Amino acid sequence: MDLRNACERWLVQALTDLGPVLCLHRDADPHALLGLRQATLIRVQVRIDSDGICESLSFLDADENPCWRLCLLPDSNYWAWDRILAELQCASESDVNATYCPGNTFWRCCPLRLHACATVSGPTLAAAPVQLSATGAQQAERLARIASGGRLAA
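First residue of the sequence shown: 114, per our numbering; consecutive thereafter.
So, in structure tokens, the structure goes:
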């Protein structure tokens, strides 16, 4: 989905509806949401391995380099995820990508809950730390190891 043409209100609401997620952002970015501002494209990523399924939204910059990623956790709202998938696939099937690219050492990983904030120009995203279930925390740690070779950011 091309973010330059996306309905920002739809995207803000859709992401807030996900509930707790694992956010992966560039280690150099001081704030977890900075990468989203650089994104121009969204790709759906799905990986299935012996530990189960990993579903995420990968946000790419103008050069199609990953700049932000949201991974679903057991605590996430899978109904909201299904609505996002339906919207993204309707927007452009070519943006759906069934591959996963682990091993990027520049990711910082943090569990958070996205919420909307009203601004003069319309709603924008904000983030807050979130308490995860034991299963959610285990999955977040596993995804952090896969994505960055490390642990969750403090």
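All C-beta atoms, glycine included, are put in the ideal place defined by N, C-alpha and C. Note that the structure is a prediction, hence the values are computed from the model and not measured.
Hey, could you find the ends of the alpha helix (DSSP H) residue i is sitting in?
{"i": "residue 127", "result": "121–130"}
{"i": "residue 151", "result": "147–151"}
What do you reckon, are the CB atoms on residue i and residue j nearer than 8 Å?
{"i": "residue 152", "j": "residue 180", "result": "yes"}
{"i": "residue 226", "j": "residue 133", "result": "yes"}
{"i": "residue 250", "j": "residue 220", "result": "no"}
{"i": "residue 224", "j": "residue 125", "result": "no"}
{"i": "residue 222", "j": "residue 257", "result": "yes"}
{"i": "residue 201", "j": "residue 155", "result": "yes"}
{"i": "residue 79", "j": "residue 238", "result": "Nothing can be reported for residue 79, as the shown portion of the chain is limited to 114 through 267."}
{"i": "residue 149", "j": "residue 253", "result": "no"}
{"i": "residue 129", "j": "residue 231", "result": "no"}
Between which two residues does the beta strand (DSSP E) harbouring residue i extend?
{"i": "residue 159", "result": "154–162"}
{"i": "residue 143", "result": "Note, residue 143: premise wrong, no beta strand (DSSP E); not H, not E."}
Contained beta strand (DSSP E) runs [length at least 3] in the segment 170–208, N- to C-terminal order: 179–185
Pairs of beta-carbons, one from the segment 172–179 and one from the segment 190–204, closer than 8 Å: are there three or more? At 8 Å Cβ cutoff, the stretches do not touch.
If contact is defined by three or more beta carbon pairs under 8 Å, each pair taking one atom from either stretch, is the segment 242–257 in contact with the segment 123–139? yes
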